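Protein chains in written order, with my numbering: chain D, 32 to 217; chain A, 52 to 709. Right, one structure below, let's go through it.
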Amino acid sequence: MLKQQFARRFLSICAAGLRTRRADWDRTGLMAETETKKVEATPAVFEPKIVAFVCNWCTYAGADLAGTSRLQYAPNVRIVKLPCTGRIDPLFILKAFEGGADAVLVSGCHPGDCHYTSGNYHARRRWAIFRRLLEFTGIDMRRVFFSWVSAAEGAKFADLINRITADVRAAGPFERTNPARRRLWK
Amino acid sequence: MARVGVFLCHCGENIGRTVDCAAVTAAAAKMPGVVHAVDYKYMCSDPGQQMIKQAIVEKKLTGVVVGACSPRMHEPTFRRAAAEAGLNPFLLEMSNLREHCSWVHEDRAKATEKAVDLVRVMVEKVKHNRKLHSIRVPIEPTAMVVGGGIAGIQAALDIANGGKKVILVEKSPSIGGHMARLSETFPTLDCSQCILTPRMVEVASHPNITLMAYSEVESVEGFVGNFDVTVRKKARYVDWSKCTGCGDCWAKCPVKKIPSEFDAGLGKRTAIYRPFPQAVPNKPVIDQEHCIMLTKGKCGACAKACQRGAINYKDQDELVKIKVGAVVLATGFDLWDHSAYGEYGGGRWADVIDGFQFERLASASGPTDGEIRRPSDGRIPQTVVFIQCCGSRDDKMGKAYCSKICCMYTAKHAMLYKHKVHEGRAVIFYMDIRAGGKGYEEFVRRAIEADGAEYVRGRVSRIYRRADGKLIVKGADTLAGRPMTVEADLVVLADAIVPRTGSERLAQMFGVGYDTDGFYSEAHPKLRPVETSAAGVFLAGACQAPKDIPDAVSQASAAASKVLGLFSKPELEREPIIARVNENTCVHCRACIAACPYGAIEDFEIKDRKGNVVKRVARVNEGLCQGCGTCVAICRSNSIDLDGFTDEQVFSEIVTLE
């Protein structure tokens, strides 16, 4: 039931995205104006909220290694642990954006290293298609990240989070740049 | 209504230093569904566990969240405590406040805010947790040991002596591995063959050991307790059941000039051969690459010579399927190929040899019968230069790591040389002498003081060959601060230890991790040094890291004890994280069947009482499902869910992050 509900919502996002795209073409100047006005209103340092969907065996362990190595990184990430990236339903990502995430990270084992032999390949394939769908709906592609972090790559995990946080901080809050979201829920 | 208890651990100061635990506890107490929230210095300690148990009983908790270290560390501990208090262990979840929060952030306010989030996520998840029960799977009490070197032999013997069946798979025609090739072993200088060959014979004659020599692992299916391993028995062209190992065949073989692998290319062998006289099993195989009969179709000298009629030129590779419960990987090492070092001749000069070639020269069973003679002209070298760290500790050209055993075997080589050529000169170029081990430092001192090995601290920059055959070694003595030139007759390079070629492929088959150098990764560098990330697969010997014989043997025994521990129970308990199909909504599109990496989802026909098929659905085989959840995400009708990570649980986690 939950899934169907989200599917309906997803479709409405698509529709809203298309509408705003047309609006962009019609009134580019006007849109730009509203954008700049909003920017002035934001506080000096924007702290983005990043939701990371990680697999239990590689990236979660890599994040653990970052911890045991005491590598400091930005406190903006919230990890949601799953057994494998293959478990990631695209609706998870959508739901995270809907809930207020400014960026989403999906990270699992390197190709060939999946604990479940091929879950990350499924995730990658699904991701490639889903990314295009997201782009189509008007979601800013600078907010969706995909990476491979192995259990031995604590430093890579820390760097990744720092980089994403910096990128998203530069891109600004999600709701502002995504008119679809603003119309529907704000 | 959910009644959740939240328990926060300070982990001494590890969490408490950066996270305000009291504030997190206060925030947790206000979360919907939380009826009990408390913090304590060491939640994993006995009093801490007692707090959890007591609260479960007194507050009638239906779910527990422990905010502490990584669940990889203490989830089993806390789940056990919950079970002891009568709560289903799968109603307990952990928030990772240490590895994912306090250790990686400095800002106390932000870390505390994150900690509250992490706890809230788990509180929301645990409300949707269901009671789960560990799955019991039967164990096949047979072990497979891959690799018949000293580590594999030791592991096989220990498991077999523990009363369990062992299948020992060895790639080459004989077990024994590198140790069989060594002359004498440090630090006692006892003869390698004398201590190894009795073990090899024991393996061959042990009633619990099935030896599969000249065989390789082809593919692996299944999981801990129930692996289905396919082994390729390579074509030997000799029927070992008829062969007596008399040797008539290789005496008659016309192809006599093949460089012997066992003698590191210094000796010669025939096309039908046994690797060395003490081989186990002591039976020959035909090298199909060099045999005239197999390549050109005419010869047949060995078949004529064999009185038992054991030669069979039509022999084929055979695939054998074996069911085993646990696997010990003991694939060992190779020497790094020093041809990358152009300044050391790049492998062009016969008299620049590696450690194994020197071993064979010094060995009584070697091509020179134990006399040190240089390969190019057979003369006894008067000056030998040993160069340590050839490829080791060199991340530019070679390997970044220390190969650990080279300091010791170089000292041994220098000693053996001096014992055989008393007036000779042994010069050793070294970076550091790393002689950590029982009797090791004393051994090196003995080489220097009693046997007069000249240790020079410094690197060799170049070796070139003079017209008279002398090797001119140019280096530096960094302690004296001057350049140094040695006119050597023989140069021995202590090449880095690298994993066996093809070890990555084997690791992928078994789902074992390996590092950037190809060495197999242990499950935990300190506390689980012989286990791997793949349950039921253990490590022994130099496939995990460079090791000397005592270390390899002790790790092999450790792996054997792990295998015996696993086999001590008839059944295995497994986490019940498995997928379930809602057969009412399943439309039998078979997408999950195609996606499952384990073949765990099968077609199932629902029948009425008369046996008529009412509906076809997908059904998960609990024994095979490993719980990756790929099928859940792929299901078009939303009919599959994963216990422990249901859609409900994950969505509630995401929603609460708002």
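Ideal placement from N, C-alpha and C gives every residue a C-beta, glycine not left out. Here the structure is a predicted model, which is why all the values come from computation and not from measurement.
A distance below 7 Å between beta-carbons, with the five flanking residues on each side excluded, links Glu-704(A) to the following residues of its chain, in chain order: Val-172, Glu-175, Lys-176. Within the stretch 568–590 of chain A, Ser-572, Ser-584, Ala-585 place their CB atoms closer than 9 Å to a CB of chain D, listed in sequence order. Residue Lys-613(A) holds the alpha-carbon nearest to the alpha-carbon of Gly-213(A) among Asp-692(A), Glu-626(A), Lys-613(A). Under a criterion of Cβ atoms nearer than 7 Å, the residues of chain D adjacent to Glu-704(A) are, in order, Val-111.
Under the three-state reduction of DSSP, Ser-414(A) is assigned to coil, being neither helix nor strand. Among the CB atoms of chain D, one or more fall inside 8 Å of the CB of Arg-149(A). Beta-bridge analysis with DSSP links Arg-670(A) to Glu-653(A). Each residue's CA atom was taken as its position, placing Asp-171(D) and Asn-689(A) some 28 Å apart. At a cut-off of 8 Å between beta-carbon atoms, Ser-149(D) makes contact with chain A. Judged by their CB atoms, Leu-693(A) and Gly-674(A) are not nearer to each other than the 8 Å cut-off. Cβ atoms of Gly-117(D) and Asn-151(D) come within 8 Å of each other, at about 7 Å. At a cut-off of 8 Å, the C-beta of Phe-696(A) has a neighbouring C-beta in chain D.
Between Leu-262(A) and Gly-360(A), the alpha-carbon positions lie close to 23 Å from each other. Look at Met-52(A) here: in three-state DSSP terms it is coil, with no helix or strand label. Any Cβ of chain A closer than 8 Å to the Cβ of His-141(D) would place that residue at the interface, and such an atom is absent. Nearest in C-alpha terms to Ile-629(A), of all of Leu-113(D), Phe-177(D), Lys-80(D), is Leu-113(D). The criterion of a C-beta distance shorter than 8 Å is satisfied by Ala-94(D) and Phe-188(D). Straight-line spacing of the CA atoms in Arg-513(A) and Val-271(A) works out to 47 Å.
Interface annotation, Leu-102(D): in contact with chain A, CB-CB separation under 8 Å.
The beta-carbon separation of His-179(A) and Thr-697(A), rounded to 7 Å, stays under the 8 Å limit for a contact. Excluding its 5 nearest sequence neighbours in each direction, Ile-499(A) has C-beta neighbours in its own chain below 7 Å: Tyr-506, listed in chain order. In this structure, the beta-carbon distance from Val-280(A) to Val-170(A) does not fall below 8 Å. Val-537(A) places its beta carbon 8 Å or farther from that of Val-581(A). Residue-level contact by beta carbon fails for Val-85(D) and chain A, as no gap is shorter than 8 Å. Per DSSP, reduced to three states, the secondary structure at His-151(A) is helical. Between the beta-carbon of Lys-284(A) and that of Asp-368(A) there is about 7 Å, and that keeps the pair under the 8 Å contact cut.
At a cut-off of 8 Å between beta carbons, Lys-161(A) contacts chain D. With respect to chain A, the C-beta atom of Pro-106(D) has a partner C-beta closer than 8 Å.
Your pair Trp-291(A) and Lys-355(A) does not check out as a contact, with CB atoms roughly 19 Å apart and the cut at 8 Å. If you keep only unbroken beta strand (DSSP E) runs of at least 3 residues inside the stretch 511–544 of chain A, you get 511–516, 522–528, 533–539.
Just so you know, the alpha carbons of Cys-297(A) and Arg-325(A) end up roughly 11 Å apart.
Counting of Cβ neighbours within 10 angstroms places Phe-167(D) among the exposed residues, the total staying below 16. Shown here, His-575(A) sits in a strand according to DSSP, grouped into three states. Around Trp-158(D), no beta-carbon contact reaches into chain A at under 8 Å, the shortest distance being about 11 Å. Identification of chain D residues near Glu-157(A) by a Cβ-Cβ cut-off of 8 Å yields Gln-103, ordered along the chain. Of all C-beta pairs linking the stretch 588–605 of chain A to the stretch 190–210 of chain A, three or more are shorter than 8 Å, placing the two stretches in contact.
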